[in-house]
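Residue numbers (my numbering): 1033 to 1292.
Have a look at this one:
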């Protein structure tokens, strides 16, 4: 019997954002009902934020990429609680295209999807972190516990996709800086965005725009910065998935020591 293929209509931007926020909300509900799991999620996020700060300590200390490294740390690799922002984001997803210039709506969608992917991976690691809580695991170093949780979750393709999404988001922000008049348009959107409950997204877009606009004053600076991130994060992925356990934990511990 021959089966006819059915082409489903693609989701619009509002649907994509609502789905991403819904995924994150479901995870948060599970964490709220399980305090040890919630604490483990925060522990994983804290470790990752400090790890990023250590990996890029040289850039964060000063120089031409300091602002970009700080933006990535504060907005993409941080341990902030984004519950309120996500709630607002989901409620007014349909207003995005009415409030923001069309050029930046795609960036908002990318941010929502990256956020959902990150939350799912962090939740999975935290679940392992909790399930292996015991007297013996309590004697493990923080780096060892992190490595074990990482390897138990696996999903290398998802990890590589997460890094690709971070890179793509950076390129999108760099592209926005090349659109004439967009900075002024974003400034004009502050009040409408605030009224629509999109102040957090507005702040992210303005901060990202200004960060990459400043780098764009130097030829290929954005490309160089993103290449540095790709190189270091790819090396970390290889270490966590394929590296010798002792070497991996030693490197992670050293990196944490560099964090400020």
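Yeah, the Cβ is synthetic: ideal placement off N, Cα and C, and Gly gets one too.
None of these values were measured; they are calculated from a predicted model.
First through last residue of the alpha helix (DSSP H) which encompasses residue i
i	result
residue 1071	1067 to 1087
residue 1044	Looking at the DSSP string, residue 1044 is not in any alpha helix (DSSP H), and its letter there is neither H nor E.
residue 1273	1253 to 1274
residue 1110	Counting along the chain, residue 1110 falls outside any alpha helix (DSSP H), and DSSP gives it neither H nor E.
residue 1289	1277 to 1290
residue 1224	1222 to 1227
residue 1138	1134 to 1163
residue 1230	Neither: residue 1230 is in no alpha helix (DSSP H) and is coded neither H nor E.
Same chain, Cβ closer than 8 Å to residue i, five either side skipped, listed in chain order
i	result
residue 1262	1195, 1199
residue 1188	1269, 1273
Beta-carbon proximity list for residue i, same chain, < 6 Å, skipping 5 on both sides
i	result
residue 1175	1281, 1284, 1285
residue 1101	1088, 1091, 1092
residue 1167	The predicted model places residue 1167 with a pLDDT of 46, which falls under 50 and marks its position as unreliable; any figure quoted below should be read in that light. Result list for residue 1167: empty, nothing under 6 Å.
Whole-Å CB distance - residue i paired with residue j, under 8 Å assumed
i	j	result
residue 1287	residue 1086	4 Å
residue 1225	residue 1233	7 Å
residue 1254	residue 1206	4 Å
residue 1115	residue 1060	6 Å
residue 1149	residue 1190	7 Å
residue 1208	residue 1278	Between residue 1278 and residue 1208 the Cβ distance is about 44 Å, and since that is not below 8 Å, they are no contact.
residue 1118	residue 1053	5 Å
residue 1103	residue 1239	6 Å
residue 1055	residue 1152	7 Å
residue 1146	residue 1236	Their Cβ separation, rounded to whole angstroms, is 12 Å, which puts residue 1146 and residue 1236 out of contact at 8 Å.
residue 1097	residue 1257	5 Å
Other residues of its chain near residue i: CB distance less than 7 Å, five sequence neighbours each side excluded
i	result
residue 1158	1069, 1072, 1073, 1076
residue 1131	1221, 1224, 1225, 1228, 1230
residue 1298	Only positions 1033 to 1292 of the chain appear in this structure, which leaves residue 1298 out of reach.
residue 1173	1281, 1285
residue 1108	1198
residue 1099	1243, 1246
residue 1241	1205, 1208, 1209, 1215, 1218
residue 1211	1135
Whole runs of the alpha helix (DSSP H) within the segment 1174 to 1245, excluding any shorter than 4 residues:
1174 to 1185, 1188 to 1208, 1214 to 1220, 1222 to 1227
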